[in-house]
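**Q** Attaching a single structure in structure tokens format; questions to follow.
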Amino acid sequence: MSVADIQIQKDETALLLVDLQPDFMPGGALPVEGGDRILEPIRALMARDLFGLYAATQDWHPPGHASFASSHTGCKPFDDIELHGKPQTLWPDHRLQGSSGAALHPQIPRDKVGVIVRKGMEPDVDSYSGFRNNWNRHVERPSTGLAGYLRERGIVAVFVCDLARDVCVKWTAEEAVAAGFETTLLWDLTCPVDPESNDAVRRDIDPLGVRILSSKRI
35 MSVADIQIQK
45 DETALLLVDL
55 QPDFMPGGAL
65 PVEGGDRILE
75 PIRALMARDL
85 FGLYAATQDW
95 HPPGHASFAS
105 SHTGCKPFDD
115 IELHGKPQTL
125 WPDHRLQGSS
135 GAALHPQIPR
145 DKVGVIVRKG
155 MEPDVDSYSG
165 FRNNWNRHVE
175 RPSTGLAGYL
185 RERGIVAVFV
195 CDLARDVCVK
205 WTAEEAVAAG
215 FETTLLWDLT
225 CPVDPESNDA
235 VRRDIDPLGV
245 RILSSKRI
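Take 35 as the starting number for the sequence shown in the working numbering and just add one per residue.
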């Protein structure tokens with residue numbers, strides 16, 4: 035595909051800003067190496083006004099969340115356990131509701147963000163995807179409502195960026211496709227928790243039809 039082939043129908047396209055929060059930045063509770071390097075390119079992309087809607091997701095965990103290592107006796111961060119019959123990586127306590135680490139990063143122009151969707155609020159199940167809780171457990175409201183909001187606004191295509199590439203960005207892109215949206219992952223505007231995960235991310239999302247693209251090509 036050539037650069038000229040990539041066109042954005044503004045009124046039908048949204049940029050999804052996934053969990054761009056200080057706790058994922060260097061010095062935060064769950065830092066992603068190099069996470070701060072994507073801030074200025076994202077600001078520059080938003081300034082170009084290419085998208086009809088800018089939507090942000092925000093991890094918003096209650097104290098004692100089931101994904102925290104501190105909630106499980108004898109466990110430490112990055113241990114893998116089984117939770118509700120599914121694999122669960124345990125994390126340091128992060129993005130606690132109302133904390134500065136859970137706020138949207140101050141370098142992001144909030145005036146452009148049309149909707150903020152909070153996730154990970156259910157105390158017993160995580161929510162990597164911006165669209166629903168992990169594993170679609172039988173909680174009262176497994177969906178975050180993001181898909182419905184996008185459809186109501188006439189959005190048919192989404193571009194996904196931010197943190198982290200191998201967890202919340204990947205899951206959000208996968209769920210965007212499952213929800214029927216044409217989906218593009220802006221590779222250079224993401225960073226992984228695990229630097230060795232890039233090949234696995236590509237293997238998982240390529241068969242689903244997620245387009246992988248550099249922001250320099252739009």
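All C-beta atoms, glycine included, are put in the ideal place defined by N, C-alpha and C. Because the structure is a prediction, the values reported are computed rather than measured.
How many angstroms separate the CA atom of K44 from the CA atom of R77?
**A** Translated into positions along the sequence shown, residue 44 becomes position 10. Translated into positions along the sequence shown, residue 77 becomes position 43. Approximately 18 Å between the Cα atoms of the pair.
**Q** Consult DSSP for E156 and reduce its assignment to one of helix, strand or coil.
**A** By one-based count along the sequence shown, residue 156 stands at place 122. Residue state, collapsed to three classes: coil.
**Q** Decide if S161 is buried, meaning its Cβ has at least 16 other Cβ atoms within 10 Å, or exposed.
**A** The residue labelled residue 161 in the question sits at position 127 within the sequence shown. Under this definition S161 is a buried residue.
**Q** Could you check whether P56 and H139 sit closer than 7 Å to each other, using their CB atoms as the reference points?
**A** As a working mapping, residue 139 is identified with position 105 in the sequence shown. As a working mapping, residue 56 is identified with position 22 in the sequence shown. Going by C-beta atoms, H139 is nearer than 7 Å to P56.
**Q** On the three-state DSSP scale, how would you describe A198?
**A** Counting from 1 along the sequence shown, the entry for residue 198 is found at position 164. Here A198 sits in coil by DSSP.
**Q** According to DSSP, is F215 part of a helix, a strand, or is it coil?
**A** For the purposes of this step, residue 215 is identified with residue 181 of the sequence shown, where counting begins at 1. Coil.
**Q** Helix, strand or coil, according to DSSP, for F112 in the structure here?
**A** Position 78 of the sequence shown holds residue 112. When secondary structure is reduced to three states using DSSP, F112 falls in the coil class, being assigned neither helix nor strand.
**Q** Output needed for T206: all residues of its chain with C-beta closer than 6 Å, excluding positions within five of it in sequence on either side, in chain order.
**A** Counting from 1 along the sequence shown, the entry for residue 206 is found at position 172. Closer than 6 Å at the Cβ level, and outside the excluded window around T206, lie V52, S163, G164, V194.
**Q** Less than 7 Å separating the beta-carbons of E46 and V190?
**A** What you label residue 46 is simply residue 12 of the sequence shown in a count that begins at 1. What you label residue 190 is simply residue 156 of the sequence shown in a count that begins at 1. Yes, the pair counts as a contact, with Cβ atoms nearer than the cut-off.
**Q** Skipping 5 residues on each side, what residues in its chain have a beta carbon closer than 7 Å to that of N167?
**A** Position 133 of the sequence shown, counted from the first residue, corresponds to residue 167. For N167, where only same-chain residues beyond five positions count, the Cβ hits under 7 Å are E156, V159, S161, V173, P176.
**Q** CA-CA distance, G98 and R251?
**A** The residue given as residue 98 occupies position 64 in the sequence shown. The residue given as residue 251 occupies position 217 in the sequence shown. Going from the Cα of G98 to the Cα of R251 covers about 42 Å.
**Q** Does the distance from the CB of P226 to the CB of A198 come in under 7 Å?
**A** To locate residue 226, count along the sequence shown from 1; it is residue 192. To locate residue 198, count along the sequence shown from 1; it is residue 164. For P226 and A198, yes; Cβs fall inside 7 Å.
**Q** Taking its Cβ as the centre, do 16 or more other Cβ atoms sit within 10 Å of R185, making it buried, or is it exposed?
**A** As a working note, residue 185 is residue 151 in the sequence shown. Its Cβ having fewer than 16 others within 10 Å, R185 is exposed.
**Q** Would R71 be called buried (16 or more neighbouring beta carbons within 10 Å of its own) or exposed?
**A** As a first step, residue 71 must be located in the sequence shown, where it is residue number 37. Exposed, because fewer than 16 other Cβ atoms sit within 10 Å of the Cβ of R71.
**Q** Would V149 pass as a contact of A213 if the rule is Cβ separation under 7 Å?
**A** Your numbering for residue 149 matches position 115 in the sequence shown. Your numbering for residue 213 matches position 179 in the sequence shown. Result no, Cβ atoms of V149 and A213 do not sit closer than 7 Å.
**Q** Under a Cβ-count criterion, where at least 16 other Cβ atoms within 10 Å of its own Cβ denotes burial, should G154 be classed as buried or exposed?
**A** Start at 1 with the first residue of the sequence shown, and residue 154 comes out as number 120. Counting the other CB atoms within 10 Å of its CB gives G154 a total of 16 or more, which places it among the buried residues.
**Q** Should K110 go down as buried or exposed, given a rule of 16 or more other Cβ atoms within 10 Å for buried?
**A** Here residue 110 refers to the residue found at position 76 of the sequence shown. Exposure of K110 is indicated by the presence of fewer than 16 other C-beta atoms within 10 angstroms of its C-beta.
**Q** If you measure between the beta carbons of T217 and A210, is that distance less than 7 Å?
**A** On the sequence shown, position 183 is the one that residue 217 refers to. On the sequence shown, position 176 is the one that residue 210 refers to. Yes, Cβ-Cβ distance for T217 and A210 is below 7 Å.
**Q** Please check the pair F102 and D127, which I expect to be a contact at CB under 8 Å, by giving their CB distance rounded to whole angstroms.
**A** Position 68 of the sequence shown holds residue 102. Position 93 of the sequence shown holds residue 127. At roughly 5 Å, the Cβ-Cβ gap stays under 8 Å, so F102 and D127 are in contact.
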